[in-house]
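Numbering (our numbering), first residue to last: 52 to 272. Note that beta-carbon positions come from the ideal geometry of N, C-alpha and C, so glycine has one too. Take a look at the structure set out below.
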């Protein structure tokens, strides 16, 4: 009968060695550099703009530059319609919102908790177009239209806290202070026939503070 003890021991030693090497690779693997997240706050908070009810959807992506620094980008978009048209047959107002923030942040980690802070360059574009029924002239309703375009650009400071549920998933809360320069172009007139009656332009600075501006659920890879 052949001795099988030596080959068996060799196989066990090889498997143990491979297992140890794989565990070492797992421990020594670099931390994730990318983060993508969705702002859960937007799913629970519906906004209003005049008679228009709308929802916005915001996302975030981060790319780590070092242990304590990262670049970030935050796109946002929103769509809205009139929930109560003033007159049957009137076109419902439409609202479009587009926003993009680019920023840099610093991070400090304490176990599963991370405190971060930094600054964003922010831009926003908002467009609304509506045909509104005001009354009747004989048997035909009278309509007017309103159209406005709003834009703003500025800087924002932010700070937040992040808690890691696992190595790949985290929840974070964020507060912001923003200073913007914005402009508004408003036009109104007759819709039948379409003819402008008034057109106004305005611009100015705004400063706002938001104690809870975002609630992110993020994944890391």
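Which one or two residues does DSSP pair with residue 95 in a beta bridge? Under DSSP, no beta-bridge partner is assigned to residue 95.
Cutoff 7 angstroms; reference residue 168; Cβ partners in own chain excluding five residues on either side: Result list for residue 168: 156, 157, 209 and 210, in chain order.
Does the distance from the CB of residue 152 to the CB of residue 267 come in under 7 angstroms? The beta carbons of residue 152 and residue 267 sit no closer together than 7 angstroms.
Under 8 angstroms by Cβ, that's how I've got residue 230 and residue 205 pegged, so tell me the actual separation to the nearest angstrom. 5 angstroms between Cβ atoms; contact.
If the criterion is Cβ atoms closer than 7 angstroms, does the pair residue 215 and residue 221 meet it? Inclusion of residue 215 and residue 221 in the CB contact set at 7 angstroms is warranted, their separation being smaller than that value.
Same chain only: Cβ atoms within 6 angstroms of residue 258, ignoring 5 sequence neighbours per side: Exclusion of the five residues before and after residue 258 leaves 230 as the residues of its chain whose Cβ lies within less than 6 angstroms of its Cβ.
Alpha-carbon spacing of residue 86 relative to residue 106, whole angstroms: If I take the Cα positions, the gap works out to 24 angstroms.
Check whether the Cβ atoms of residue 146 and residue 131 sit closer than 7 angstroms, and answer yes or no. With a cutoff of 7 angstroms on beta-carbon distance, residue 146 and residue 131 are scored as near each other.
Cβ-Cβ separation, residue 113 to residue 123 (assumed contact under 8 angstroms), whole Å: About 5 angstroms; that satisfies the 8 angstroms criterion.
Contact belief for residue 239 with residue 197 at Cβ below 8 angstroms, rounded distance in angstroms: So it is a contact: roughly 5 angstroms between Cβ atoms.
Which residues in the same chain have their Cβ closer than 7 angstroms to the Cβ of residue 233, if we skip the five residues on either side of it in sequence? If the five residues before and after residue 233 are omitted, its C-beta is found closer than 7 angstroms to the C-beta atoms of 201, 202, 203, 254, 255 and 257, all from its own chain and listed in chain order.
Could you check the C-alpha separation between residue 177 and residue 252 for me, to the nearest Å? Rounded to the nearest whole angstrom, the CA to CA distance from residue 177 to residue 252 is 15 angstroms.
Buried/exposed call for residue 179, threshold 16 Cβ in 10 Å: A residue is called buried once 16 or more other Cβ atoms fall within 10 Å of its Cβ, and residue 179 is buried on that count.
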